[in-house]
Amino acid sequence: MKKAIKKADINKKPLKKAPSTGVKEYSFFQDVYDVVRQIPKGRVTSYGAIAAYLGTKLSARMVGWAMNGAHNVRPAVPAQRVVNRNGMLSGKHHFGTPTRMEELLKKEKVFVENDTVVDFKNKFWDPAEHLGL
DNA sequence: TTCCTGACTCCAG
DNA sequence: CCTGGAGCCAGGA
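Adding 64 to a residue's 1-based position in the first sequence gives its number in the working numbering.
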């Protein structure tokens with residue numbers, strides 16, 4: 065059993081502003097990163113699922129926004145494992161090259177066709193189910 | 001400060 | 001089945 069972030073924390077945390085000069089972000093971002101890092105290799109999840117797990121179901125966009133800064137975060141965040149609710153690689157244009165995200169997934173045996181994860185339903189990994197609701 | 005945009009979703013037509 | 005609008009909220013102009 066790992067960390068299993070407490071979603072209750074999200075609402076209590078002050079959400080202090082990040083210094084514009086630093087890499088540090090809102091604690092919400094950190095929580096998103098923690099969840100993403102726990103996605104098993106070869107599995108994927110959605111922005112909405114992460115948002116829901118963190119208790120901010122209506123803010124799926126913020127999860128995507130968090131991914132926007134994930135490239136500068138250490139340890140690395142496997143952002144390629146996060147797709148939209150239809151299994152489409154909506155964030156592929158943020159990986160440097162248009163095919164980078166797809167390539168990364170392919171290495172994990174997650175195949176992509178037409179910008180969509182093949183057998184998405186089967187590879188879907190729900191954080192609420194595996195990290196404890 | 002206000003206005004606009006966006007790696008999302010849900011819901012109504 | 002597809003399209004559009006609304007809610008979400010952090011950043012940039």
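The beta carbon of each residue, even a glycine, is placed where N, CA and C say it ideally should be.
query, result
"Counting only runs of 4+ residues fully inside the region 123 to 168, write out the alpha helix (DSSP H) ranges in chain order.", "124 to 132"
"Which of the three DSSP states, helix, strand or coil, is assigned to isoleucine 74?", "Note on isoleucine 74: pLDDT 40, under 50, position unreliable in the model; the coordinate value appears next. Looking at isoleucine 74 - three-state DSSP - the assignment turns out to be helix."
"From the DSSP output, in three-state form, read off glutamate 172 for me.", "coil"
"Which one or two residues does DSSP pair with valine 181 in a beta bridge?", "Val176"
"Output yes or no for whether 8 Å exceeds the beta carbon distance between valine 137 and tyrosine 111.", "no"
"Taking just the CA atoms, how far does glutamate 172 sit from tyrosine 97?", "19 Å"
"Return the chain-ordered list of same chain residues with a C-beta closer than 8 Å to the C-beta of alanine 115, the five sequence neighbours on each side being excluded.", "Lys121, Leu122, Ser123, Ala124, Met126 and Val127"
"For lysine 105, which residues in the same chain have their Cβ closer than 7 Å to its Cβ, ignoring the five residues on either side in sequence?", "Glu172"
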